[in-house]
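Read in order, the letters of the sequence shown are residues 1 to 171 in the working numbering. Glycine included, each C-beta is placed from N, C-alpha and C at the ideal position. These notes are about the structure you will find just below.
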Amino acid sequence: MFNHTCKLQAWKFDPSVSNCKFWRYIDSSGLRPLIDCSYRTSNKIVVSAFCERWQPETNTFHLPFGELTITLDDVSNILGIPVDGNSVSVCDDELDNSVLASQCHDLFVTALGVTDDEARAEMGRFSGSAVTLEWLRQRFHKVSDDESPEFIERAARGCLLYLLGCTRIYG
Numbered sequence: 001m002f003n004h005t006c007k008l009q010a011w012k013f014d015p016s017v018s019n020c021k022f023w024r025y026i027d028s029s030g031l032r033p034l035i036d037c038s039y040r041t042s043n044k045i046v047v048s049a050f051c052e053r054w055q056p057e058t059n060t061f062h063l064p065f066g067e068l069t070i071t072l073d074d075v076s077n078i079l080g081i082p083v084d085g086n087s088v089s090v091c092d093d094e095l096d097n098s099v100l101a102s103q104c105h106d107l108f109v110t111a112l113g114v115t116d117d118e119a120r121a122e123m124g125r126f127s128g129s130a131v132t133l134e135w136l137r138q139r140f141h142k143v144s145d146d147e148s149p150e151f152i153e154r155a156a157r158g159c160l161l162y163l164l165g166c167t168r169i170y171g
């Protein structure tokens, strides 16, 4: 697992602007540790050694003392993120594209507080069910404690969406 560090670093906050309320939302999600989960900061020798011992057929590591598998509890302890609660994924093959696009549009409007026209314009650029990371960053990076509580909450949702969009899990 790693993130696109350059993209995460592009979401800059003005240090002179107070945004404690915003960070409370991010911290309460439990996903803030993903910001520091970077291939650049990991021990590449250890990662390489584990990759050589990974057996994709059994999803285990073959080590000199026996087989080892990684559990969700291990993921939680290593990454510092919660692994309980509701899933944040959807099985795309169960929905046709028009239904998925409609649900994404509705969620985009209600969760991020954009207008129907803004949602259609941004989502229309990519198959009707996606937005760009750049658009999220430009829309929400200037959040401050002086904003309305609704905007701060929406900005936190945008930031979390941005964070998840910048994070990749391989395996």
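Look at the alpha carbon of A111 and the alpha carbon of G158, and state the distance between them as a whole number of angstroms. 9 Å
What residues in its chain sit with their C-beta under 8 Å from that of A130, if we drop five residues either side in the sequence? C104, M123
Inter-residue spacing [alpha-carbon to alpha-carbon] between C51 and F65: 17 Å
Determine whether the beta carbon atoms of F22 and A155 lie at a separation below 8 Å. yes
Starting from Q55, follow its DSSP beta bridges and name the residues at the other end. T60
Reduced DSSP category for G124 - H, G, I as helix; E, B as strand; rest coil: coil
Assign L193 to one of three DSSP states: helix, strand, or coil. Residue coverage of the chain in this structure runs from 1 to 171, which leaves residue 193 outside it and unanswerable.
Could you compute how far the alpha carbon of H141 sits from the alpha carbon of L63? 45 Å
Buried or exposed for N19, going by 16 or more other Cβ atoms inside 10 Å? buried
Count the other CB atoms within 10 Å of the CB of V46; is the residue buried (16 or more) or exposed (fewer)? exposed
Measuring alpha carbon to alpha carbon, tell me which residue in F13, T58, K12, L34 is nearest L160. L34
Classify E67 as helix, strand or coil using the three-state DSSP reduction. strand
Note down, in chain order, each residue of its chain lying with its Cβ closer than 7 Å to the Cβ of A121, except the 5 sequence neighbours on either side. none
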